[in-house]
Amino acid sequence: MREGAAFSTLYAGVLLTILGALAWVTGRTLIFPSLGPSAFLLATVRDGEVTAPRRVIGGHFIGVAAGWIAYHTVAPGLNVMTAAPMLSSAQLRLAVSGVLAVMITTGAMLATDTVHPPACATTLIVSLGFLTSLADSASIMLAVVVLVGVHKLVLREQSVGDYISIGR
């Protein structure tokens, strides 16, 4: 087993448990599929370019914005989970919305150096009609900021603990 695997496993769970508890208390959508890969990266890489707050927060922000714009421009009122006949304009509009959102997200993350691959899942969540309101967008971003904030607190506590143990 990889060194640190047990800690990383528990840590990913703790990160998402905090968001799950907040979702339960507030009734808001604060836990959603693309946070799983983000929590995995924070738990396994911990401190590096891929987990830099500006990348995680910036990438998800771009994903939310691109998904929101694509959805409300191309497929407002539709949801990929609603059955539609083959070759329907609704399915085509949702497909175009998803493709457009991923393209915009990819280009914008590359242009701003905020690459965070899980944000491409966030953009699909929004552009395919799952979380489409401005309140949903705010909830997504709140969840990402809380995830990163908790992670930064854990890193700070680890650094202080290392410093104290070295100083003894």
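Numbered by the UniProt record's numbering, the letters in the sequence shown go through residues 1 to 168 in order.
Glycine residues also receive a C-beta, built at the ideal position from the N, C-alpha and C atoms.
Just so you know, these numbers come straight off a predicted model, no measurement behind them.
Practice task
Provide the residue span of the alpha helix (DSSP H) that contains Val72, from first to last.
Solution key: Per the sequence shown, the amino acid found at residue 72 is His instead of Val. Per DSSP, His72 is one residue of the alpha helix (DSSP H) stretching across Pro53 to Val74.
Practice task
Thinking Thr123 and Gly63 are a contact (beta carbons under 8 Å), I'd like their distance in whole angstroms, please.
Solution key: Contact holds; Cβ gap of about 4 Å.
Exercise for the section: Could you please give the first and the last residue of the uninterrupted alpha helix (DSSP H) stretch that includes Arg28? Expected result: Following the DSSP letters along the chain, one finds Arg28 in no alpha helix (DSSP H), marked with neither H nor E.
Problem - Simplified DSSP assignment, three categories, for Glu49 - result: Of the three classes helix, strand and coil, the one that applies to Glu49 here is helix, per DSSP.
Practice task
Kindly indicate the opening and closing residues of the alpha helix (DSSP H) around Ser97.
Solution key: In the DSSP assignment, Ser97 falls within the alpha helix (DSSP H) that extends over Ser89 to Thr112.
Practice task
Since I believe Arg54 is in contact with Thr9 (beta carbons under 8 Å), could you give me their beta-carbon distance rounded to a whole number of angstroms?
Solution key: That belief does not hold up - the Cβ atoms of Thr9 and Arg54 are roughly 27 Å apart, past 8 Å.
Handout entry: Where Ala83 falls: helix, strand or coil (DSSP)
Key = Per DSSP, reduced to three states, the secondary structure at Ala83 is coil, with no helix or strand assignment.
Practice task
Indicate the three-state DSSP secondary structure (helix, strand or coil) for Thr123 in the structure shown.
Solution key: If DSSP states are grouped into helix, strand and coil, Thr123 belongs with the helices.
Practice task
Could you give the DSSP three-state label for Thr9: helix, strand or coil?
Solution key: Secondary structure at Thr9: helix, using DSSP grouped into helix, strand and coil.
Exercise for the section: Inspect the CB distances between the segment 97 to 116 and the segment 124 to 140 and report whether three or more fall short of 8 Å. Expected result: Judged by Cβ distances under 8 Å, the segment 97 to 116 makes contact with the segment 124 to 140, as three or more pairs qualify.
Practice task
Assign Val56 to buried or exposed, taking buried as 16 or more other Cβ atoms, counted over all protein chains shown, within 10 Å of its Cβ.
Solution key: Result: buried.
Problem - Burial state of Ala70 (16 or more Cβ within 10 Å) - result: Residue burial is scored here from C-beta neighbours: Ala70 has at least 16 other C-beta atoms within 10 angstroms and is therefore classed as buried.
Handout entry: Segment contact flag, the segment 30 to 46 with the segment 136 to 155, C-beta cutoff 8 Å, min 3 pairs
Key = Enough Cβ pairs lie closer than 8 Å, so yes.
Exercise for the section: Just the C-alpha distance for Ala111 and Gly59, rounded to the nearest angstrom, thanks. Expected result: The straight-line gap separating the alpha-carbon atoms of Ala111 and Gly59 is approximately 11 Å.
Handout entry: Ala43 versus Ser88: straight-line alpha-carbon distance, rounded
Key = So the two alpha carbons sit approximately 42 Å from each other.
Handout entry: Closest by C-alpha distance to Val74, when choosing among Thr132, Gly20, Trp24 and Ala119
Key = Looking at the Cα atoms, Thr132 is the closest of the given residues.
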